[in-house]
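First residue of the sequence shown: 83, per this note's numbering; consecutive thereafter.
Backbone N, C-alpha and C fix where the C-beta goes; we use that ideal spot for every residue, glycine too.
Written out below as structure tokens is the structure these notes cover.
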Amino acid sequence: MDNRRFDMKGIDMAWCPGCGNFNILNILKKALTELKIEPVELVLVSGIGQAAKIPHYLKTNLFNGLHGRSLPVATAIKAANPNLTVIAESGDGCMYGEGGNHFIHTIRRNPDITNIVHNNMVYGLTKGQASPTSQIGFHTPVQVNGVVLEPFNPLTVAIAFEASFVARCFAGDTEKTVDIVKQAIIHKGYALVDILQPCVSFNKVNTFQWFKEHIYYLDASYDPRDKIRAFDTAGEKEKLPLGIIYQSQDKKTFEENLVAYKDNKTPLYKREPLRSLKELMQSYRD
Ligand SMILES: Cc1ncc(C[n+]2csc(CCOP(=O)(O)OP(=O)(O)O)c2C)c(N)n1
Ligand code: SF4
Ligand SMILES: [Mg+2]
């Protein structure tokens with residue numbers, strides 16, 4: 083199986099030359115290929131933004147929804163057909179800002195989905211306003227005096243809400259990021275992969291070079307099952323730790339908890355819709 087089975091032919095890509103999104107696309111294709119996931123077995127769900135265009139550039143099933151709303155859609159797709167691999171993928175603004183409420187409650191539900199976030203610490207598509215992860219002092223045409231708010235830390239929040247898999251990677255490091263994305267997809271339960279991604283057009287502070295100088299990999303002695311240590315590690319600010327920061331296998335998934343699957347394992351999409359739902363759908367057609 084090679085990467086090209088996910089390639090789209092003859093498409094115009096809207097990303098700027100040099101954008102970190104290109105390598106995240108490459109990383110995702112590699113991870114899926116190495117896991118031998120067929121395009122037909124996959125659904126990519128995104129919201130709005132530069133990162134959210136990623137499903138347009140991969141030959142697979144996709145749902146491109148509203149800004150901040152990819153996670154509930156991904157949860158529902160997985161619940162309707164638990165045999166699918168479901169990935170919700172979007173930017174830092176989409177997932178942690180406009181979608182912040184869904185971020186928290188999806189973690190609580192623990193659906194067996196992977197949540198990949200292209201974290202460029204800026205609103206790229208709308209030309210450079212601060213996002214929830216922008217750093218203090220970051221100047222933009224809106225935050226003219228620099229950002230004053232403490233940046234949102236998705237990792238500490240995810241661990242505090244008992245996410246079952248929490249990782250951070252760097253878009254400039256293909257090999258290690260492919261490995262972590264693969265582990266996130268294999269993981270049973272909600273898996274967050276926050277990928278630090280340079281935006282070469284609107285974030286002139288957190289550049290490729292800046293990230294290289296401000297990241298380090300957790301070493302082999304690090305135990306991601308230790309929640310207290312994971313919380314401390316996730317909160318580090320001087321240098322940003324990369325790797326699987328926290329993992330727990332103790333939680334049941336959203337699908338496992340669904341009453342609808344208690345005595346009947348037939349995927350919901352294969353079952354007869356309820357009469358009331360049929361009538362509702364018919365009423366839209368009439
Ligand atoms: C509800 C809503 N609010 C605001 C917008 C405008 N908007 C579209 S994309 C975007 C920011 C995208 O930033 P991010 O999610 O970080 O993605 P990036 O472009 O940086 O990859 C905003 C504010 C919108 N489309 N819908
Ligand atoms: S604006 Fe930034 S994030 Fe968007 S495509 Fe250009 S470099 Fe990438
Ligand atoms: Mg962004």
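Step through the CB atoms of chain C and report whether any lies within less than 8 Å of the CB of Y298. Of the protein chains in the structure, only one exists, and it is not chain C.
Use the C-beta contact count for M203: other C-beta atoms within 10 angstroms, 16 or more gives buried, fewer gives exposed. To locate residue 203, count along the sequence shown from 1; it is residue 121. Note on M203: 16 or more other CB atoms within 10 angstroms of its CB, so buried under the neighbour-count rule.
Between K160 and the rest of its own chain, which residues show a CB-CB distance below 7 Å, the 5 nearest in sequence each way excluded? As a working note, residue 160 is residue 78 in the sequence shown. Beyond the five residues adjoining it in sequence on each side, K160 comes within less than 7 Å, by CB distance, of L166, V168, P193, D194, I195 and E337 in the same chain, given in chain order.
Euclidean distance between Cα positions of K333 and A273: As a working mapping, residue 333 is identified with position 251 in the sequence shown. As a working mapping, residue 273 is identified with position 191 in the sequence shown. Between K333 and A273, the alpha-carbon positions lie close to 12 Å from each other.
Local Cβ density within 10 Å of N183, reported as buried at 16 or more and exposed below that: Residue numbering aside, residue 183 sits at position 101 when the sequence shown is read from its first letter. N183 should be labelled exposed.
Report the residue from N285, L324 and Y343 whose alpha carbon sits nearest the alpha carbon of Y304. The sequence position of residue 304 within the sequence shown is 222, counting from 1. Nearest to Y304 by alpha-carbon distance, out of N285, L324 and Y343, is L324.
What residues in its chain sit with their C-beta under 8 Å from that of G370, if we drop five residues either side in the sequence? Because residue 370 is not part of the residues shown, which for the chain are 83 to 368, the question remains open.
Between which residues of its own chain and P233 is the CB-CB distance below 8 Å, once the five residues before and five after are set aside? Here residue 233 refers to the residue found at position 151 of the sequence shown. Contacts found: M203, P214, T215, S216, Q217 and I218.
F284 Cβ short of 7 Å to ligand 2 heavy atom set: Position 202 of the sequence shown, counting from 1, holds the residue named residue 284. At least one heavy atom of ligand 2 lies less than 7 Å from the C-beta of F284.
Compare the C-alpha of V263 against each of A240, C251 and R357 and name the closest. The residue you call residue 263 lines up with position 181 of the sequence shown. Cα-wise, what sits closest to V263 is C251.
Quick one: is P355 buried, meaning 16 or more other Cβ sit within 10 Å of its Cβ, or exposed? For this step, residue 355 is matched to residue 273 along the sequence shown. Looking at its Cβ environment, which holds fewer than 16 other Cβ atoms inside 10 Å, P355 is exposed.
Buried or exposed by the 16-neighbour rule on C-beta atoms within 10 Å, applied to A316: The sequence position of residue 316 within the sequence shown is 234, counting from 1. In this structure A316 is buried. Its beta-carbon is surrounded by 16 or more other beta-carbon atoms within 10 angstroms.
Contact the segment 131–142 vs the segment 168–179: 3+ CB pairs below 8 Å: Counting C-beta pairs closer than 8 Å gives three or more between the segment 131–142 and the segment 168–179, which meets the contact rule.
Q329, buried or exposed, once every other Cβ within 10 Å from all chains shown has been counted against 16: For the purposes of this step, residue 329 is taken as the residue at position 247 of the sequence shown. Here Q329 is buried, its C-beta having at least 16 other C-beta atoms within 10 Å.
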